[in-house]
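K.L.:
Handing you a structure now.
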Amino acid sequence: MTPEEFKQLLSQKEIHLSDHQMEQFARYFELLVEWNEKMNLTAITEKKEVYLKHFYDSISLAFFEDFSTNKSICDVGAGAGFPSIPLKIVFPTLQVTIVDSLNKRITFLTELVNELKLEDVSLHHDRAETFGQKEEFRAVFDYVTARAVARLNVLSELCLPLVKKDGFFLALKAAKSEEEIIEAKPAIAILGGKFQKEVSFELPITEDERHIVVIQKKKETPKKYPRKPGLPNKQPIK
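Take the sequence shown: its letter number 115 is residue 115 in UniProt numbering, and every next letter is one higher.
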């Protein structure tokens with residue numbers, strides 16, 4: 001996907017990018033490639049693939065959810081900033097909080113945010129398990145996202161405590177996750193969430209499949225969750 005195709009295909013989804021926003025994405029790509037030579041940010045560095053599999057893929061969340069009206073989003077394990085930074089470029093009023101366990105990635109994201117002159121972006125070097133225990137971050141976000149390979153029951157325990165009541169946890173998956181959803185439903189209920197739907201679609205050009213698991217926060221997460229760091233992975237809620 002070329003930058004021109006990126007802009008055109010988004011406009012077909014009623015997302016119209018300005019010249020300034022296109023310049024921000026161009027600079028994002030340049031910094032991603034530059035920093036990737038010093039540290040492992042992504043295996044995808046070819047321009048057409050970055051625009052499709054990182055930028056467009058991240059923004060695809062906005063095809064199904066509304067980020068246009070001063071919403072807040074917490075991106076857990078954002079890595080090189082996906083999906084939250086592309087969403088922030090498209091929706092400048094979006095309030096973004098990023099949590100990542102590797103300080104080098106936070107250093108990259110700090111330079112990226114400064115270079116792109118993005119406001120209302122908060123970066124935290126922390127583990128998701130400990131971040132979710134901090135009172136100032138529990139139940140405060142409209143959306144919490146995770147584009148991670150962990151199973152849904154684990155991701156739910158890390159992310160749902162951060163979601164405000166009636167907000168949403170959005171898990172981005174590359175494959176259909178019916179088995180994971182069934183496995184995770186008891187944990188989701190204990191944590192105050194309710195499975196809403198799984199949205200399936202294909203990326204343009206490559207037709208790679210993508211899935212978004214949508215979980216709504218219906219009640220407050222019990223205070224005893226999340227547990228000690230490492231436990232969600234070793235002993236998931238059943």
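The beta-carbon is built from N, C-alpha and C at its ideal position, and this holds for glycine as well.
Could you check if R105 is buried or exposed, using at least 16 other CB atoms within 10 Å of its CB as the buried criterion?
P.N.:
One-based indexing of the sequence shown puts residue 105 at position 105. Answer is buried; the Cβ neighbour count reaches 16.
K.L.:
Bridge partners of T145, per DSSP?
P.N.:
By one-based count along the sequence shown, residue 145 stands at place 145. DSSP output for T145 lists D75 and L170 as bridge partner(s).
K.L.:
Buried or exposed for M39, going by 16 or more other Cβ atoms inside 10 Å?
P.N.:
Counting from one through the sequence shown, the residue named residue 39 turns up at place 39. That one is exposed.
K.L.:
Going by DSSP, which residues form a beta bridge with Q95?
P.N.:
Mapped onto the sequence shown, residue 95 falls at position 95. S72, per the DSSP bridge assignment.
K.L.:
What do you reckon, are the CB atoms on V76 and A128 nearer than 8 Å?
P.N.:
Reading the sequence shown from its first residue, position 76 is the one you call residue 76. Reading the sequence shown from its first residue, position 128 is the one you call residue 128. Contact: yes.
K.L.:
Do you know how far the Cα of I89 is from the Cα of V33?
P.N.:
As a first step, residue 33 must be located in the sequence shown, where it is residue number 33. As a first step, residue 89 must be located in the sequence shown, where it is residue number 89. Approximately 18 Å, taken between the alpha carbons.
K.L.:
Is the CB-CB distance between L87 and S58 below 8 Å?
P.N.:
Here residue 87 corresponds to residue number 87 of the sequence shown, with the count starting at 1. Here residue 58 corresponds to residue number 58 of the sequence shown, with the count starting at 1. Yes, they are a contact pair.
K.L.:
List the whole-angstrom C-beta distance separating S156 from F169, where the pair is believed to meet the contact cut-off of C-beta under 8 Å.
P.N.:
Taking the first residue of the sequence shown as position 1, residue 156 is located at position 156. Taking the first residue of the sequence shown as position 1, residue 169 is located at position 169. With 8 Å as the limit, S156 and F169 qualify as a contact, their Cβ atoms being about 7 Å apart.
K.L.:
Roughly how many angstroms separate the alpha carbons of D100 and L9, rounded to a whole number?
P.N.:
Taking the sequence shown and counting its residues from 1, one reaches residue 100 at position 100. Taking the sequence shown and counting its residues from 1, one reaches residue 9 at position 9. Looking at the two C-alpha atoms, the distance is approximately 30 Å.
K.L.:
Taking the straight line between their C-alpha atoms, what separation do you get for T97 and A78?
P.N.:
Along the sequence shown, one-based indexing puts residue 97 at 97. Along the sequence shown, one-based indexing puts residue 78 at 78. Approximately 10 Å between the Cα atoms of the pair.
K.L.:
Could you round the C-beta distance between L152 and E180 to whole angstroms and report it? I think they count as a contact, below 8 Å.
P.N.:
Counted from its first residue, the sequence shown places residue 152 at position 152. Counted from its first residue, the sequence shown places residue 180 at position 180. Confirmed, Cβ separation roughly 4 Å.
K.L.:
By how many angstroms is the C-alpha of F137 removed from the C-alpha of L52?
P.N.:
Along the sequence shown, read from residue 1 onward, the residue named residue 52 stands at position 52. Along the sequence shown, read from residue 1 onward, the residue named residue 137 stands at position 137. One C-alpha to the other measures close to 32 Å.
K.L.:
Closer than 6 Å by C-beta to H125: which residues in its own chain qualify, once you throw out the five before and the five after it? Chain order, please.
P.N.:
Within the sequence shown, numbered from 1, the residue matching residue 125 stands at position 125. Only N103 and I106 meet the Cβ criterion.
K.L.:
Tell me, to the nearest whole angstrom, how far the beta carbon of Y56 is from that of M1; I am working on the premise that it is less than 8 Å.
P.N.:
In the sequence shown, counting from the first residue as 1, residue 56 sits at position 56. In the sequence shown, counting from the first residue as 1, residue 1 sits at position 1. Indeed, because the Cβ distance is near 6 Å, the residues count as touching under 8 Å.
K.L.:
Return yes when the Cβ of T221 is within less than 8 Å of the Cβ of L191, no when it is not.
P.N.:
Stepping through the sequence shown from its first residue, residue 191 is reached at position 191. Stepping through the sequence shown from its first residue, residue 221 is reached at position 221. It is a contact, given that the beta carbons lie within the stated cut-off.
K.L.:
Can you name, in chain order, every residue of its own chain whose Cβ lies under 8 Å from the Cβ of K185, other than the five neighbours on each side?
P.N.:
Along the sequence shown, read from residue 1 onward, the residue named residue 185 stands at position 185. Only F195 meet the Cβ criterion.
K.L.:
DSSP three-state label for R210, please.
P.N.:
What you label residue 210 is simply residue 210 of the sequence shown in a count that begins at 1. Of the three classes helix, strand and coil, the one that applies to R210 here is strand, per DSSP.
K.L.:
Pick out whichever of F63, E37 and E30 has its Cα sitting closest to the Cα of K47.
P.N.:
Position 47 of the sequence shown, counted from the first residue, corresponds to residue 47. The residue with the shortest Cα to Cα distance from K47 is E30.
K.L.:
For I215, list the residues DSSP reports as bridge partners.
P.N.:
Residue numbering aside, residue 215 sits at position 215 when the sequence shown is read from its first letter. DSSP, once it has assigned bridges, lists F169 and F195 as partnering I215.
K.L.:
Give the single residue among V113, F108 and A80 whose Cα lies nearest to the Cα of Q95.
P.N.:
Position 95 of the sequence shown, counted from the start, is the residue given in the question as residue 95. Minimum Cα distance to Q95 is reached at V113.
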